[in-house]
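Data block below; observations after.
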Amino acid sequence: MSKHEDNETEITQSQDETQDETQGETAPLSHDDARDGLPPDPPGVSRINIETEMKHSYLDYAMSVIVGRALPDVRDGLKPVHRRILFAMHELKNTWNATYKKSARVVGDVIGKYHPHGDSAVYDALVRMAQDFSMREMLVDGQGNFGSIDGDPPAAMRYTEVRMARLTTELLGDIEKNTVNFADNYDGSLREPSVLPAAYPNLLVNGSGGIAVGMATNIAPHNLGEVIDGVIALARDPEISDEALLGIIPGPDFPTGGIICGRSGIYRSVTTGRGIIIMRAKIATEEIKSSGREQLIITELPYQVNKARLIEKIAELVRDKRIEGIAALRDESDRSGMRIVIELKRDTSAQVLENQLLKLTPLQSSFGVINLAIHEGRPKVFTLKGALDAFLSFREETVRRRCVFELNKAKARLHILEGLKIALDHIDAVVALIRASRDPEEARNGLMAQFSLSELQAREILSMRLQRLTGLERDKILEEIEALRIEIAHLEDLLAIRDKLIALIISELEAVKAAYATPRRTEIIDDESDINIEDLIAVEDMVVTVSNLGYIKRTATAEYRSQHRGGKGLTGMDTREDDFVSEVFVASTHDNVLFFSDRGKVYCKKVYQVPLGSRASRGKAIVNFVGMEAGEKVAAVLPVSVFESDQHVITCTRNGYVKKTDLMAYAQIRQTGIIGVVIDEGDELISAGILRAGDHVILGTRNGQAIRFEHESDVRPMGRQSRGVRGIEIRKDGTPDDAVVDMAVISENTEETLLTISENGYGKRTALDEYRTQRRGGMGLLTIKVSERNGNVVAVKPVAEDDHLMLITNGGKIIRIAANSIPVLGRNTQGVRLIRLAEDEKVGDVERLADQDSATADVVEVAEPSIPPPPPEPEEENG
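Each residue of the sequence shown is one higher than the one before, counting from 58 in my numbering.
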């Protein structure tokens, strides 16, 4: 028992108990009498549960909408309103070769006789069947304003005129031959067809769309000739595969043409009845002869795209600066066809702009296929083969009923003619019998008795004109009898042998195709990939600049004009006094940039995502650009053109752990970053680099130790979710504790030297061959003497002869030094003074100044920062 029933029982019991208490021995009232004090129901009125009634009534309403209004019939492809419009025009003799009639006349007949709904709904349905941009094959021939692809409304029905299109006769043909069932109209005064005897699969040819109750249909239009070929193929081979049908009907054929991108959506809709088809406009690129600039010409749009709204959308995107590069936008469409012109600004890539328009406007749209139609009074989703099979079965039934009708008619006519022949064969006796009869009834009975005629034959003889008694008329009767016997034999043969009936259906379909088929309008291409954001970005080189304080920007190489050697150069970055350019490289807009944080996380951005700035602009802070967490700092920036399997990334932490990871492990990085290295508590990532075959790695520590090892034989590749292996043994007995300060990746045959700089401003260069290759994990070799004078090491870097260095102190002082001004000394030395420091001032960091001249490879020449480099003191102390 439900909760509702429990409550109802409790209420009833409570009422009964109350009545017992108040009335004592009086019998309790009946349920009806106790119903809130209301009088009993009058005779003929019954009470029902409102919940049950609501369910039944809504279900009836839903099925009425589904079957009677919103969904087409799979047999003729028409909704009831369209079927009634065409039948009303048929009844009005408003055929394709008749004169036009006012639309209001047709609408009035439809409403008054068959469809008791609003006139605007009927007129809208009539108008759609006359629009060449809505119907693949128009069913109504309209005269006047029937709307446009711009969304313009049609003229009022009192102004427009209509008649059937010629193809519509193939939907209504043989309707008088009992080919379909008729039903009473809404008031029972007239009869209307339940379905039209369509001679071609109109459901697939013109498609349909509608929203019912709890379901919707969206059937794409197809090419008439292709669909008929598909029906014929199915009739000849009922076991034909979906793939074979796709070879005959490759896909939808939209009235507005356009392009279908990809076949997977078509295949799904063919095999399942549901799928998403990507449509694109047809766009061509032309050159403007007068200016040499390019322009995009749009000649075809995706199905159901409003041209005026499309142009408004493009203009809106230009106003909002979401699309740049458009100089002019015009609609040059006329009676000869559609032509939307988009003029491009100079140096704008037509391909990039086209991709942007496809991404941001309805120039690329999707058509969601739902092949839902009414079959045997119920909604059903059809595959392509299922829809063709349903039509073929219906067509077979229609032709069979037509043959039965024509057979019965031929037999009835033959029966009468045979009676006439008997009368002509015995004309004298017939005339004498008629003259001797007192009235027609006696003559009829006499003919039936004397010549064994039926009543119908006798009546026909009595109504026969005297001219039929001539010899010529007798010959015509005999010829007609012979023709009827041949026709009857043919019809009986069709009804008895199905193969012959199918052959007749095929021949009639071929005749329809020959008369009405037109070339395909929609092109189908294999490329179905979604437009990637990179497709919207032109491929061009950019100068990417990174400052020491973590600012980044990109600049078009065109902003750096080529200069002769010895020129003054151009400002490459407007930095703060305590900042400078630490790295610069030229990369394609489609290249990647990896950002490693001190916490071991890795972020990735495309070069085109790096903030675009002028030569003199400062750029944007990397931590904000990539979305780092609070307190997270940038440890390394690595440009990557292509993620290749033969390259690795090596990372190093402050506590001496190194890890080698396949570069491909960083190919897919989330927006929020990924773990690149597992960092222990108290440790941090200090450096990262790209390893290639033959490279060596050098680690330098605060206490003046350095170790060199081969990565190929000594460091195995590891996954991202690991700490790595020990690269160098860190001594913890000193004051302060030792730690790795730098990592260098050097190529096998490099001519660079290793620069070591201490916190008190002393430094030197040492030949790399003085650092023998060791096994990783050891304590390494002495690279510089750490003394009270020198202090601890702050940087260990490979430098070339033409490199420049930036020394930054904890007091904010920056000095620039040429690498070739620093002497090359042995490992076991203290170096020379590079910078004079104030009391309590220390060198905090050292960076190689990015060689912007070489990075831009003859494309740019960038001015050096205007910091006067004092010459280093030439004092060598060997200790």
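Glycine included, each C-beta is placed from N, C-alpha and C at the ideal position.
Based on the DSSP output, what are the partners of R331 in its beta bridges?
I427
Looking at the secondary structure, which residues open and close the beta strand (DSSP E) in which D799 lies?
797-803
Rounded separation between Q909 and D897 - CA only
Residue placement at Q909 cannot be trusted, given a pLDDT of 48 that sits under 50; what the coordinates show is reported in the next sentence. Rounded to whole angstroms, Q909 to D897 spans 34 angstroms at the Cα level.
With E249 as the anchor, note down where its beta strand (DSSP E) starts and where it stops.
248-250
S770 versus G761, V754, S779, residue with shortest Cα-Cα distance:
V754
Do you know whose CA, among D859, D719, G713, lies nearest R788's CA?
G713
Determine the burial state of N649: buried for a count of at least 16 other Cβ atoms within 10 Å of its Cβ, exposed for fewer.
buried
Rounded to a whole number of angstroms, what is the C-alpha to C-alpha distance between A914 and G837?
Any answer about A914 is weak, because its pLDDT of 39 lies below 50 and its placement is not dependable; what the coordinates show is given next. For A914 and G837, the distance between alpha carbons rounds to 37 angstroms.
Alpha carbon of S604 to alpha carbon of A693, nearest angstrom
12 angstroms
Could you pull the DSSP bridge partners for D388 from this structure?
I397
Counting C-beta neighbours from all protein chains within 10 Å, is the total for M336 16 or more, i.e. buried, or is it exposed?
buried
Tell me, to the nearest whole angstrom, how far the beta carbon of Q887 is from that of R846; I am working on the premise that it is less than 8 angstroms.
7 angstroms
Could you tell me the distance, in whole angstroms, from the CA atom of N465 to the CA atom of F239?
19 angstroms
DSSP state of L260, grouped into three classes?
helix
Mind checking whether K159 and D299 have CB atoms under 8 angstroms apart?
no
Does the contact criterion of 3 or more C-beta pairs under 8 angstroms hold for the stretch 148-162 versus the stretch 280-288?
no
Taking R893 as the reference, give the member of V664, L906, R873 with the closest Cα.
R873
Segment contact flag, the stretch 319-327 with the stretch 168-175, C-beta cutoff 8 angstroms, min 3 pairs
no
Quick check: what's the CA-CA separation for Q421 versus I581?
14 angstroms
Using 8 angstroms as the Cβ pair cut-off and three pairs as the minimum, do the stretch 698-705 and the stretch 733-744 touch?
no
Sort A178, D244, E249 by Cα distance to E148 and report the nearest one.
E249
Whether V856 touches A876 by CB criterion (8 angstroms)
yes
To the nearest angstrom, how far is it from the Cα of L651 to the Cα of A724?
10 angstroms
If contacts are defined as beta-carbon pairs under 8 angstroms, then A489 and L504 qualify, I think. What distance do you get, rounded to the angstrom?
Not confirmed; about 11 angstroms, so no contact.
Since E689 contacts S645 with CB under 8 angstroms, what's their CB separation in whole angstroms?
In fact, because the Cβ distance is near 28 angstroms, the residues do not count as touching under 8 angstroms.
If distances are taken between C-alpha atoms only, which option among L748, K854, L128, R675 comes closest to G267?
L128
Beta-bridge pairing of G746 - partner residues as DSSP gives them
I707
Check whether the Cβ atoms of I785 and S815 sit closer than 8 angstroms, and answer yes or no.
no
Roughly how many angstroms separate the alpha carbons of Q831 and N681, rounded to a whole number?
41 angstroms
Could you pull the start and end residues of the alpha helix (DSSP H) that R943 belongs to?
Residue 943 lies beyond the range of the chain shown here (58 to 936); nothing can be said about it.
Can you give me the C-alpha to C-alpha distance between P210 and R220, rounded to a whole angstrom?
20 angstroms
Y819: which of P880, S779, G776, D860 sits nearest, CA to CA?
P880
Using three-state DSSP, classify N681 as helix, strand or coil.
helix
Which residue wins for smallest C-alpha separation from A745, given the options D794, G761, V802?
V802
Assign K416 to one of three DSSP states: helix, strand, or coil.
helix
If you follow the alpha helix (DSSP H) that N502 is in, where does it begin and where does it stop?
497-508
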